[in-house]
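Heads up, the sequence shown is in the working numbering, so the first residue is 49 and it goes up one at a time.
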Amino acid sequence: MRKYIIAGVLCLSLVLGACSSGNSPKEEKTEQTTEKTEQVEETERDVDVKKKEYQPKLDVIEPSAYNNADGLALEKGAYISVIGKSEGKAFWNEVKKGAEQAAEDINKTLGYKGGDKVKVTYNGPLEAESVDEQVNILDEELARYPVAVAIAITDANACEVQFDLAAENNIPVVAFDSGSDYKGLMAMVSTDNEASASEAARHMAKAVGEEGEIVIFSHDSKSKTADVRERVFAETLKKEYPNMTVAGAYRLDEMKKSVSDEVNKGLYRLDDEEPSGTELAEEERIKEEDVTRDNIIDYILKKHPNMKGCYATNGETVVLAVEGIKRRSVSGISVIGYDADEEEARAVKEGEIAGLIVQNPYGMGYASVIAAARAALGMANEANIDTGYVWMTKDNIDSEEIERMLY
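What follows is the structure in structure tokens.
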């Protein structure tokens, strides 16, 4: 009898324990709903924070139709190809981020999910600003029949055959960062290079006391961007500052040949010794690939001992100039140029750079996709879309206006 009583008590306690420890189906459903709501709210907060970070870079785009994805009824699964001048560098990483955000906004606006999403890809040459590699990428992308292409044209005289092919296949082409004179381009998305180059010239004049020799160090001899920045800067100095002269203009992609030619003619030495003035024997001659980046900036500095200012047209040439000036312990040269990656921003803070034109590559990537989408839909596009820039110095680098444009 005692065994039956104990067994009954144990069964009863198990039943009561289960009832007391478990929640009712209604309570469990409420908890699940609350948890899901909290997750949604957390996701929305993350989106809001992200938007707060990038929105200022879109707000400066003019016209404003290119800072949002409204009214772009692309077909499900549409594909837009974005092609830059390089892969993996800070500037082009920002372009890629902007392009991806535009795709995200388009899909959100249209309610596309999964395989229905509009797809945007970014590709660029692994060798920075390689014309041949960029042309090959363009060929490959056209073979995939995107609804539109956006491209930063490395060589203003290249790609015309590919652009004709795109037109034959009803694939509109938008240029960004650097364009060309090709008549079929649907839009140009970029910094106002004429305005920014003029502004850089005026800041250079102020930095050097409106007199002295200035050297231009351009990033290449092929792109429209480099050409405009070099030409307008020189024109502004000539027109507005009669006591300033452009003592030399050098293009990075030509420098290895220029330096090696002078060495082989006996007119220059890579070390600091005096050249012989006599052409070198065959076994003593050097090749273009023997000339390093340090050799290039050393050549410029040695050729211009009275230089008071160096104007560099992109981030790469700015950094080369600063590194060369530091390495050779040269003083009294004001460096002004373009872009603002971490290394350049540090150099501005430390007074190694007098000032920089800070571009908006994120905005370029975003607006390029919007312009490409509009072109694919047969919508009108502005001929020029201005993505904005700001002037950065040691004095304003920590301001909100500057911080929101840095990358």
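Ideal Cβ placement from N, Cα and C applies to all residues, glycine included.
First and last residue of the uninterrupted beta strand (DSSP E) at residue i
i, result
"Asp434", "432-434"
"Thr169", "167-171"
"Ser382", "382-386"
Residue i classed as buried or exposed, judged by whether at least 16 other C-beta atoms fall within 10 angstroms
i, result
"Glu364", "buried"
"Tyr193", "exposed"
"Glu86", "Unreliable placement is indicated for Glu86, whose pLDDT of 49 sits below 50; the coordinate value is still reported in the next sentence. The residue in question, Glu86, is exposed, as its Cβ has fewer than 16 Cβ neighbours within 10 Å."
"Asp338", "exposed"
"Lys304", "buried"
"Ala191", "exposed"
"Arg375", "exposed"
"Val209", "exposed"
"Ala245", "buried"
"Asn155", "buried"
"Glu390", "exposed"
"Gln103", "exposed"
"Lys270", "buried"
"Gly136", "exposed"
"Gly146", "buried"
"Ser134", "buried"
"Gly436", "buried"
"Glu288", "exposed"
"Val166", "buried"
"Ala428", "exposed"
"Ser226", "buried"
"Phe265", "buried"
"Pro323", "exposed"
Where residue i sits in the DSSP three-state scheme
i, result
"Val195", "coil"
"Glu123", "coil"
"Ser129", "strand"
"Ser306", "helix"
"Glu135", "coil"
"Tyr102", "helix"
"Ala214", "helix"
"Lys442", "coil"
"Ser246", "helix"
"Arg317", "coil"
"Arg299", "strand"
"Glu448", "helix"
"Glu181", "helix"
"Glu110", "strand"
"Ile219", "coil"
"Met453", "coil"
"Glu322", "coil"
"Val417", "helix"
"Leu174", "coil"
"Glu327", "coil"
"Lys161", "coil"
"Glu86", "In this predicted model, Glu86 has a pLDDT of only 49, less than 50, meaning its place in the structure is not dependable; the value taken from the coordinates is given anyway. Helix, per DSSP."
"Val366", "helix"
"Gly146", "helix"
"Asp268", "coil"
"Tyr437", "coil"
"Ser69", "Bear in mind that the predicted position of Ser69 carries a pLDDT of just 46, short of 50, making it too unreliable to give a figure here."
"Cys59", "Caution is warranted here: a pLDDT of 39 is assigned to Cys59, below 50, making its placement in the model unreliable, and the coordinate value is therefore given only provisionally. In this structure, Cys59 counts as helix in the three-state DSSP scheme."
"Leu425", "coil"
"Asn116", "coil"
"Asn205", "coil"
"Val256", "coil"
"Asp153", "helix"
"Asp229", "coil"
Identified DSSP bridge partners for residue i
i, result
"Phe224", "Val237"
"Ile262", "Val294, Gly357"
Span of the alpha helix (DSSP H) around residue i
i, result
"Arg333", "Unbroken run through Arg333: none, as it is neither H nor E."
"Lys350", "341-351"
"Ala200", "Premise fails: Ala200 is in no alpha helix (DSSP H) and is neither H nor E."
"Leu285", "272-288"
Interface flag, residue i vs chain C, CB-CB below 8 Å
i, result
"Ala329", "The structure shown has no chain C; it contains just one protein chain."
Which residue spans inside the segment 370-415 form an unbroken beta strand (DSSP E) run of at least 3?
For the segment 370-415, whole beta strand (DSSP E) runs of length 3 or above, ordered along the chain, are 382-386, 403-406.
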